[in-house]
Amino acid sequence: MVVTNHPLASAAGSQMLLAGGNAVDAAVASLFALTVVEPMMVGILGGGIAHIRMADGRHVVLDGLSTAPLKASAEMYDCLSDEVGRQRDVRDRLNVVGPKAVAVPGALAGWCEALARFGTLSLEEVLQPAIALAERGFVTTPYLSNCITDNVADLARDPGLSALLLAGDKAIEPGTRLVQADYAASLRLIASQGPAALYDGPLGKALTDFMAANGGLIDQADLSAYKVATREPVRGSYRGYEIVGPPPPSSSGVHIVQMLNILEGYDIGSLGFGSADAVHLLAEALKIAFADRAVATADPAFIKVPVERLIDKAYAAERRALIAMNQAKGWSAGLSGGESADTTHVTVADAKGNVVTTTQTINGLFGACTQIPGTGMLTNNYMFNFDPHPGRALSIAPGKRVFTSMAPMMVLRDGKLAFALGLPGALRIFPSALQAIVNLIDHGMSLQEAVEAPRVWTEGGALELEAAIPDSVADELTARGHRILRMPRIAGGMNAIAFNPDGTLTGAACWRADGTPVAISGGLAREGVRFTI
């Protein structure tokens, strides 16, 4: 089973499985294909996390997140606000658009390391579908066209992206064939030279030359210093299920376990999905998690992260005791910080029991809305993930890894995989993944229902509700003190795989992206079988 947020990327991964590759081969092929067909979400100059479960039951998290350039500093931006929801606003949006928003890329290194350590096919083989899509082109979907429309002003500032994605002052129409010849050439360089093409080769020189000429901070020292980190996952339990997710600097493993620990004290299922009580409890748990995250969850190389305390059920009980069912609260951190001196998702399972759930991004839609001339590579705007205020757990420091909300999660029952899931959506990722897990375990939803169900989100300010949540529920939440903000969608397209007791797989992708499950059954003839007349 291969589930991605674009049918052509799912097809690319499926080709690897059909050719005898494993889940890692398929995931990496899908990710490279997504850099072509979903350029607003993912790129080789981005970063991400891969959560891999091998057939023997080992779990490994490969951290290919971006890092702050060595020339970066905690004071590099002029902050405009400290209000919840606006803490990252800086003058001239320099941490959002343009060269100063770009962090050191980790995606390509992460994908190549995953393939080298756990895959079975060559880099050249897994790149072929992406190269073909870039050279021959593909048909622009309405989703891609709409994403371009939402970012026309920023894309128009870059000559390469303007020529590629705009027709006059408007987005290219759905149905337009999008060909990326420069990017195809870059992918061919990677196929022949490996990750060195970027980290010590011509693609890296193109990147650093552009940065030097346009006020960016990345230079060759940054590229040479970049390393993928191998991490042990965070594990928790919820109503008899084991919850496994990535550790810091990802927020998901720690804070999903923390929120589930809080919710475990309530009979969530009996409250009913989407009821005012159920949504209120989700909102309060989210606010608690975000309050603790702000002081405690960052790059463990720079911050002492109190993981054991955060995922302790006794700590959850302390926080739960402060929740009032009839009143929204403002929450502060329950522990002290340990400060020291938009995204895509792919879920793949192969026939042997290898599973990959991986979230990758260039951060915002089209990243920094900047393309490196002559290469077709889009830059990330990962510097936006840092807190631009100095002296905080999430502040900028040279070489510091960005913290992230990515949630490539796996859920086990009695030691066997039950679900693997993830999604894009920046700060809204791990709260959305939490809700899918609750939907599956507490509300007994099917996999498709769980990934598509209406979502909520808050980090302490407004409580965002998707349109499908009834007005009567919104009114009751308002009466409890929540400030309601209606949203057309919260986070992006979730995709998931369920592992059924009979050995079959179920794949699901939601309406919030071009998600497409591709399932493969049957296979090669049994050993010794031959045709006879």
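Take the sequence shown: its position 226, counting from 1, is numbered 251 in my numbering, and each next residue is one higher. Built from N, CA and C at the ideal position, the CB exists for glycine as well.
F409 to A206 span [Cα, whole Å]: C-alpha of F409 to C-alpha of A206: approximately 30 angstroms in a straight line.
Here's a check: name, in chain order, each residue in its chain whose Cβ is nearer than 6 angstroms to the Cβ of P415, leaving out the five neighbours to either side. Only A99, E100 meet the Cβ criterion.
Are A134 and P220 close, meaning C-beta to C-beta below 8 angstroms? Between A134 and P220, the gap from beta carbon to beta carbon is short of 8 angstroms.
Which whole-angstrom value describes the C-beta separation of I545 and G532, a residue pair presumed to lie in contact below a C-beta threshold of 8 angstroms? Taking C-beta atoms under 8 angstroms as the contact rule, I545 and G532 fail to qualify, at a distance of about 11 angstroms.
Of the listed residues L242, G68, S147, nearest to A209 (C-alpha basis): Here the closest residue by C-alpha is G68.
Limits of the unbroken beta strand (DSSP E) element including N520: 520 to 524 is the extent of the beta strand (DSSP E) around N520.
Please classify A339 as buried or exposed, where buried requires at least 16 neighbouring CB atoms within 10 angstroms. Exposed, since its Cβ has fewer than 16 Cβ neighbours within 10 Å.
Unbroken alpha helix (DSSP H) run spanning L296, endpoints: In this chain, the alpha helix (DSSP H) harbouring L296 covers 293 to 296.
How is the beta strand (DSSP E) around P227 delimited, first residue to last? Per DSSP, P227 belongs to no beta strand (DSSP E); it is in the alpha helix (DSSP H), 227 to 239.
Which residues in the same chain as E552 place their Cβ atom closer than 6 angstroms to its Cβ, once the five residues preceding and following it in sequence are excluded? There are no such residues.
Please report the distance separating the alpha-carbon of L95 from that of A250. Distance between the alpha carbons of L95 and A250 is about 9 angstroms.
Assess, as a yes-or-no matter, whether the region 437 to 453 is touched by the region 262 to 280 under the definition of 3 or more beta carbon pairs within less than 8 angstroms. The region 262 to 280 vs the region 437 to 453: in contact.
Quick check on the burial criterion: 16 or more other C-beta atoms within 10 angstroms. Buried or exposed for V164? Taking all protein chains in view, the Cβ of V164 is surrounded by fewer than 16 other Cβ atoms within 10 Å, so the residue is classified as exposed.
For E267, which beta-bridge partners are listed by DSSP? Listed as beta-bridge partners of E267 by DSSP are S262, L437.
Below 8 angstroms on the Cβ atoms is my contact criterion, and I expect N47 with N520 to pass it. Report the Cβ-Cβ distance as a whole number of Å. Wrong, their Cβ atoms sit about 19 angstroms apart, outside the cutoff.
Cβ-Cβ distance between G336 and Q283 below 8 angstroms: Checking the sequence shown, residue 336 turns out to be Ile, not Gly. Annotated as proximal: I336 and Q283, with beta-carbon spacing under 8 angstroms.
Going by C-alpha to C-alpha distance, which of S39, V129, L452, P272 sits closest to L403? Considering only alpha carbons, the answer is V129.
So G144 packs on V53, CB below 8 angstroms; how close in whole Å? In this structure G144 touches V53 by the C-beta definition: roughly 7 angstroms separates them, less than 8 angstroms.
From which residue to which residue does the alpha helix (DSSP H) around H370 run? Here H370 belongs to no alpha helix (DSSP H); instead the beta strand (DSSP E) covers 369 to 374.
Residues that G532 bridges to, as DSSP identifies them: Paired residues: I522.
Rounded to the nearest angstrom, what separates I462 and V373 at their Cα positions? Cα to Cα, the separation comes out at about 18 angstroms.
Considering only the beta carbon of each residue, do I77 and D88 sit closer than 8 angstroms? Judged by beta-carbon spacing, D88 lies beyond the 8 angstroms limit of I77, meaning their Cβ atoms are not closer than that value.
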